[in-house]
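Q:
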Amino acid sequence: MINVGIIGGSGYTAGELIRIAMYHPNVNLDFVYSTTNAGKPLSVAHHDLMGDIEMNFTDQINPDVNVVFLCLGHGKSISFLKENKFASHTKIIDLGNDFRLTKEADFEGKQFVYGLPELNKAAIKKANYIANPGCFATAIQLALLPLAKNNLLKEDVHINATTGSTGAGVGLADTSHFSWRNNNMSHYKAFEHQHLGEINQSVAQLQSDFSDELIFVPNRGDFTRGIFATLYTSSEESLEDLVAKYEDFYKNEPFVTVTTTNINMKQVVQTNKCIISILKKGNRVLITSIIDNLTKGASGQAIQNMNLMFGLEETTGLHLKPSGF
């Protein structure tokens, strides 16, 4: 059994980790750390867990767990690790953005590997420290990487992606109030979203000469979970050739499906799946990529990385059920 600790236990990504860990056949949930809820049942923060797990939050860590998941706010993982030391054998998976860029991947001699399994699986299997990708970054990279692998990115890529309200985290903000978010839509951080750094880094890993721009407009949707991302650019490839290249790139990836049909977000919500649709009109290719922002975009992908790190089948504990209505 893999003894697991979760840091920052009252947030959305931690809640999703707890739900998956509870039913993972190889996981023992050792502790869930939260200074604000220490001593209280997990169901105080995660109401749907009532009756499913008898466990309290704690403000104490077990430094000898096999793996610890950091579900802290962006920029807070470094300070936590400086103040709290774990055993040399403890693997660390950070769901924040502290270590995602290569220039920031080294922390006190610990080298964090960028944890996108469909790109870095071999390195993840050997890693002790993982920087889990961002949710937008996951959806967008999975849409782009087969093009980059085949040197088919020849001009700017226009990206429009909409995320659910859980992407903003559990903390209350003006734009997360139900009365503001419901029946509403807006964009934010247009052309400068923080996930662009890791996306460009991964594209360059496969197509080093890509020098055009990823023009990204992120949107807030009036739903709770999921990301619906559309990307378009020019391509002289036929639809059939593009589909063949995508299917070849993902032929050994159990969570990615390629199609030419129209897709909708309910096909992936509550799962670790990514579905990619490819459409062609003239020399324009439209790539649509859909994921659940909390599962494949965060906690499910973190469990997928854990499985790879510990030599398990990567789908273990991740056979999750979507809901079409």
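Numbering-wise (UniProt numbering), the sequence shown opens with residue 1 and increments by one.
A virtual CB, placed ideally from N, CA and C, is assigned to each residue, including glycine.
#1: How is Val268 classed by DSSP in three states: helix, strand or coil?
#2: Is the stretch 94-111 in contact with the stretch 282-295, if contact means three or more CB pairs nearer than 8 angstroms?
#3: According to DSSP, is Ala190 part of a helix, a strand, or is it coil?
#4: Label His195 either buried or exposed according to how many other C-beta atoms from any shown protein chain fall within 10 Å of its C-beta, with 16 as the threshold for buried.
#5: Assign residue 398 to one of two classes, buried (16 or more other C-beta atoms within 10 Å of its C-beta) or exposed (fewer than that).
#6: If you run the structure through DSSP and keep just helix, strand and coil, what is Ile159?
#7: With Ala123 as the anchor, note down where its alpha helix (DSSP H) starts and where it stops.
#8: Just curious, the beta strand (DSSP E) that Leu286 is in, first and last residue?
#9: Given this structure, state the Cα-to-Cα distance separating Gly51 from Ala14, to the nearest angstrom.
#10: Determine the burial state of Met1: buried for a count of at least 16 other Cβ atoms within 10 Å of its Cβ, exposed for fewer.
#11: Using alpha carbons as the reference points, say which of Gly11, Ala137, Val27 and Lys154 lies closest to Leu318.
#12: Could you tell me the alpha carbon to alpha carbon distance between Met265 and Asn272, rounded to whole angstroms?
#13: Count the other CB atoms, across all protein chains shown, that sit within 10 Å of the CB of Phe31; report buried if there are 16 or more and exposed otherwise.
#14: List the whole-angstrom C-beta distance separating Ile92 from Val68, where the pair is believed to meet the contact cut-off of C-beta under 8 angstroms.
#15: Please list, in chain order, all residues of the same chain as Ser323 whose beta carbon is under 8 angstroms from its beta carbon, the five residues on each side excluded.
#16: Three-state secondary structure (DSSP) at Lys245?
#17: Beta strand (DSSP E) containing Thr259: first to last residue?
#18: Looking at C-alpha atoms only, which residue of Gly221, Trp180, Gly115 and Leu147 is the closest neighbour of Ala161?
#19: On a Cα-Cα basis, can you pick out the residue from Asn132, Glu236, Leu81 and Asn219 that is closest to Phe228?
#20: Taking 6 angstroms as the limit between beta carbons, can you name the residues of its chain near Pro41, skipping five residues before and five after?
#21: Taking the continuous beta strand (DSSP E) assigned at Ala131, which residues delimit it?
A: This is what the structure gives:
#1: coil
#2: no
#3: In this structure, DSSP gives Ala190 a state outside helix and strand, which the three-state scheme calls coil.
#4: When all chains shown are included, His195 counts as buried.
#5: The structure shown does not extend to residue 398, since the chain spans only 1 to 325, so no value can be given for it.
#6: strand
#7: Its alpha helix (DSSP H) spans residues Pro117 to Lys126.
#8: Arg284 to Ile291
#9: 18 angstroms
#10: exposed
#11: Val27
#12: 12 angstroms
#13: Buried.
#14: Yes, they are in contact, since the Cβ atoms of Ile92 and Val68 sit about 6 angstroms apart, within 8 angstroms.
#15: Lys266, Val269 and Gln270
#16: helix
#17: Val256 to Thr259
#18: Gly221
#19: For the residues Asn132, Glu236, Leu81 and Asn219, the minimum Cα distance to Phe228 belongs to Asn219.
#20: Asn56
#21: It spans Tyr129 to Ala131 - the beta strand (DSSP E) in which Ala131 sits, taken as one unbroken run.
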